[in-house]
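Chains as they are written, first to last, in numbering that gives the first Met the number 0: chain S, 0 to 303; chain P, 0 to 303.
There are 2 protein chains.
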Amino acid sequence: MTLPARSLRSPVGIDFAAFVGRARPRVDRGLADAVEAVPAALGTVRPVVGRTLGVRGRAGRRWRPMLTLAVAEALGADLEVALDAATAVELTHTASLILDDLPCMDDSGERRGEPAAHVLLGQSGAILLSIGLLARAAELLGRSRDGAELSEEWGRTFGFGGMAGGQAVDVALGGDSRGAMRRLYRKKTTALVAFAADAGARVAGAHQEDCERLYAFGDDLGWAYQLVDDAHDLEEDAALGRAPGGRAPLRQGRRLLQRGLGRLDEVLGIDERGVELLSTLSREVVRVPGEFPLRPRRRGVQPC
Amino acid sequence: MTLPARSLRSPVGIDFAAFVGRARPRVDRGLADAVEAVPAALGTVRPVVGRTLGVRGRAGRRWRPMLTLAVAEALGADLEVALDAATAVELTHTASLILDDLPCMDDSGERRGEPAAHVLLGQSGAILLSIGLLARAAELLGRSRDGAELSEEWGRTFGFGGMAGGQAVDVALGGDSRGAMRRLYRKKTTALVAFAADAGARVAGAHQEDCERLYAFGDDLGWAYQLVDDAHDLEEDAALGRAPGGRAPLRQGRRLLQRGLGRLDEVLGIDERGVELLSTLSREVVRVPGEFPLRPRRRGVQPC
């Protein structure tokens with residue numbers, strides 16, 4: 000595979016830590032506002048919303064909303080216009096984690112080292128919590144720039160052809176066609192990352208073609224992230240003698256990351272600094288060391 | 000209570016059956032399209048989507064999407080512009096029924112006399128089915144006229160301050176303030192009916208004030224429906240000697256219906272035929288006999 004020219008160029012020297020310093024508090028604020036929006040009448044639910052979103056207790060890396068903000072900034076937009084969409088991305092992600100943890104799905108009692116939502120609220124409460132977060136996401140997307148298109152694209156993202164469909168394949172509700180099922184399974188991870196990038200482009204007022212290129216970039220990034228994450232798990236298992244090791248998924252993930260970064264060269268509304276911002280963020284996401292504040296991975300804690 | 004003048008006037012003579020004849024096949028088509036949109040890779044899920052939406056097997060009355068279409072027609076819009084929003088309303092309603100039936104919620108194995116979704120797909124499948132229907136609703140609303148506002152309003156409708164919040168109070172996740180909890184509990188029923196009316200107004204291009212008046216009309220209609228429905232259940236129980244009877248909820252429901260109909264007189268963009276269309280539909284919904292194709296109520300079958 001020939002790598003495109005620009006992604007091999009020497010860095011122009013962006014200050015990634017400064018971006019994180021600007022973006023992260025905004026994401027934190029958007030999520031804190033989502034907790035505030037829960038009616039006081041739901042006395043039992045509100046604190047759990049706070050914990051699940053990491054507003055209280057341990058937060059996830061929040062790299063998906065950071066991606067939305069980074070794309071917007073890379074396209075020259077102010078971070079503030081991307082905040083609602085970025086928050087909606089993290090709410091959607093958290094909603095899916097809450098469902099994944101349910102006894103009838105992956106049956107996990109912990110998330111980020113703390114009790115899962117269904118442990119705190121019961122199954123019915125956890126399901127309603129997930130629905131409530133999706134609802135808040137719909138509100139935020141509706142009031143964003145390009146709200147109608149964002150809502151439509153978001154529906155595709157978490158629906159039967161996206162996250163819910165991928166999870167349905169995962170819990171063995173798929174049909175016959177194995178190739179189509181494998182593609183749908185990937186959407187469980189990739190659909191939201193692709194949407195996160197696309198949403199950043201839309202709120203920045205990008206042309207349709209650029210939105211599509213950034214969607215494809217997000218799609219590659221999402222699957223690269225998953226492959227490398229799986230590879231780390233395999234390595235840990237191999238180190239404990241529980242499974243054969245093997246570097247293939249890691250290599251495959253990094254190749255996919257390179258392909259995704261190559262797509263940035265096709266985006267018309269982005270300059271070299273924008274490419275570098277998104278490249279740096281992407282490399283952090285797939286666990287190449289750097290300035291992005293990664294948390295140490297611990298066994299038994301699901302990827303965030 | 001003084002009834003407003005117009006709702007006491009003699010009917011101008013609309014042909015309600017003709018409206019139903021125009022509107023119902025459109026709703027049926029919108030729902031059939033939603034089934035078609037499920038990817039073929041989800042071989043196990045697709046037929047259950049069809050059954051749950053009543054595209055295959057027994058259908059519900061579908062009065063909520065009919066309300067959206069009726070409001071649009073009453074405001075002079077073509078039914079076709081309201082179809083996506085109307086379908087989204089029924090998808091949202093069905094998504095909520097699927098969750099209500101789960102073992103961890105109301106634990107009901109039947110819906111409309113057929114096996115509930117969780118009986119057919121397991122709990123995980125039913126939850127994903129519900130999520131998939133909500134996602135399809137988001138898509139349809141996003142591509143409707145006024146899609147951004149519809150999406151925002153829809154998020155409020157099924158979120159913590161609406162349907163999910165009402166259901167959370169129902170499964171005892173509420174807090175201390177009893178008045179606020181009671182109001183939130185009602186939203187479980189009323190929020191979607193209010194949205195159904197509001198959505199019809201929005202796709203018809205109504206002014207904000209008219210949208211709000213029709214929202215308030217829908218809110219009254221929704222609670223009147225629930226009160227009268229509960230009253231029928233109480234009467235059945237009383238007839239079987241299982242509970243004291245009493246006409247109070249029935250009277251209260253009908254008073255609320257009158258209040259709702261009175262609100263139509265305040266709507267600027269509606270003429271007498273429009274008022275009569277919405278009045279007729281409303282009276283059918285709260286079970287005053289008429290031409291609207293009601294299905295006979297059977298014990299053990301939940302209201303649709």
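Where a beta carbon is used, it is the ideal one built from N, C-alpha and C, also for glycine.
C-beta contact flag for G164 of chain P and E151 of chain S at 9 Å: no
CB contact flag (V80 of chain S, R28 of chain S, <9 Å): Result no, Cβ atoms of V80 of chain S and R28 of chain S do not sit closer than 9 Å.
Residue ranges of each alpha helix (DSSP H) within the stretch 33-113 of chain P, 4 or longer: 44-51, 62-73 and 82-99
Alpha-carbon to alpha-carbon, A94 of chain P and V47 of chain P: 13 Å
Terminal residues of the alpha helix (DSSP H) in which V168 of chain P lies: Segment M162 to D169, the alpha helix (DSSP H) holding V168 of chain P.
For L90 of chain P and V54 of chain P, the rounded distance between their alpha carbons: Cα to Cα, V54 of chain P sits roughly 12 Å from L90 of chain P.
Contacting positions in the stretch 22-42 of chain S - beta carbon closer than 8 Å to chain P: Of all residues in the stretch 22-42 of chain S, only A36, V37, P38, A39, A40, L41 and G42 place a beta-carbon less than 8 Å from a beta-carbon of chain P.
Contact list for the stretch 163-188 of chain S against chain B, Cβ threshold 8 Å: In the structure shown, chain B cannot be found, because the protein chains are S and P.
Proximity below 9 Å, CB of A136 of chain S to CB of T86 of chain S: yes
Buried versus exposed, by CB contacts within 10 Å (16 or more), L239 of chain P: exposed
Neighbour list for Q122 of chain S in chain P, Cβ cutoff strictly below 7 Å: C103
Beta-carbon neighbours of F194 of chain S, restricted to chain P and to distances below 7 Å: Ordered by position in chain P, no residue passes the 7 Å Cβ test against F194 of chain S, which lies about 12 Å from the chain.
Cβ-based burial, G273 of chain P [other Cβ within 10 Å; buried from 16]: Only buried fits G273 of chain P, as 16 or more other CB atoms lie within 10 angstroms of its CB.
Listed by chain order, chain S residues near F15 of chain P by CB distance under 9 Å: Those within 9 Å of F15 of chain P in chain S number zero; the least Cβ separation is about 33 Å.
Status (buried if at least 16 other CB within 10 Å, exposed otherwise) for D270 of chain P: exposed
Alpha helix (DSSP H) segment containing S143 of chain P, residue limits: Per DSSP, S143 of chain P belongs to no alpha helix (DSSP H) and is neither H nor E.
Distance, V284 of chain S Cα to Y224 of chain S Cα: 7 Å
Per-residue burial, V11 of chain S [other beta carbons within 10 Å of its own, 16 or more giving buried]: exposed
Assigned exposure category for E138 of chain S - 16 Cβ within 10 Å defines buried: buried
Contact list for G160 of chain P against chain S, beta-carbon separation under 7 Å: P38
R63 of chain S classed as buried or exposed, judged by whether at least 16 other C-beta atoms fall within 10 angstroms: buried
A195 of chain S, enclosing alpha helix (DSSP H) - first and last residue: R177 to V202
Option in P:R182, P:L127 and P:Q166 with minimal Cα separation from G161 of chain S: When C-alpha distances from G161 of chain S are compared across P:R182, P:L127 and P:Q166, the shortest belongs to P:L127.
Alpha-carbon spacing of E366 of chain P relative to S123 of chain P, whole angstroms: With chain P represented from 0 up to 303, any question about residue 366 of chain P goes unanswered, as that position is not in the structure.
Range of the contiguous alpha helix (DSSP H) that encloses V274 of chain S: E271 to V284
Beta carbon of L101 of chain S nearer than 9 Å to that of L120 of chain P: no
E113 of chain P beta carbon less than 9 Å from that of R57 of chain P: yes
9 Å Cβ cutoff, A134 of chain P in contact with chain S: yes
Option in S:A134, S:C103 and S:G59 with minimal Cα separation from A33 of chain S: S:A134
Inter-residue Cα distance where the pair is Q251 of chain P and D218 of chain P: Answer to the nearest angstrom: the Cα atoms are 14 Å apart.
Interface partners of R142 of chain S on chain P, CB under 8 Å: The answer, in chain order, is A147 and E151.
Which of helix, strand or coil DSSP assigns to I13 of chain S: coil
Helix, strand or coil at H206 of chain P according to DSSP, with G and I counted as helix: coil
Below-9 Å beta-carbon distance, V227 of chain P vs any chain S residue: no
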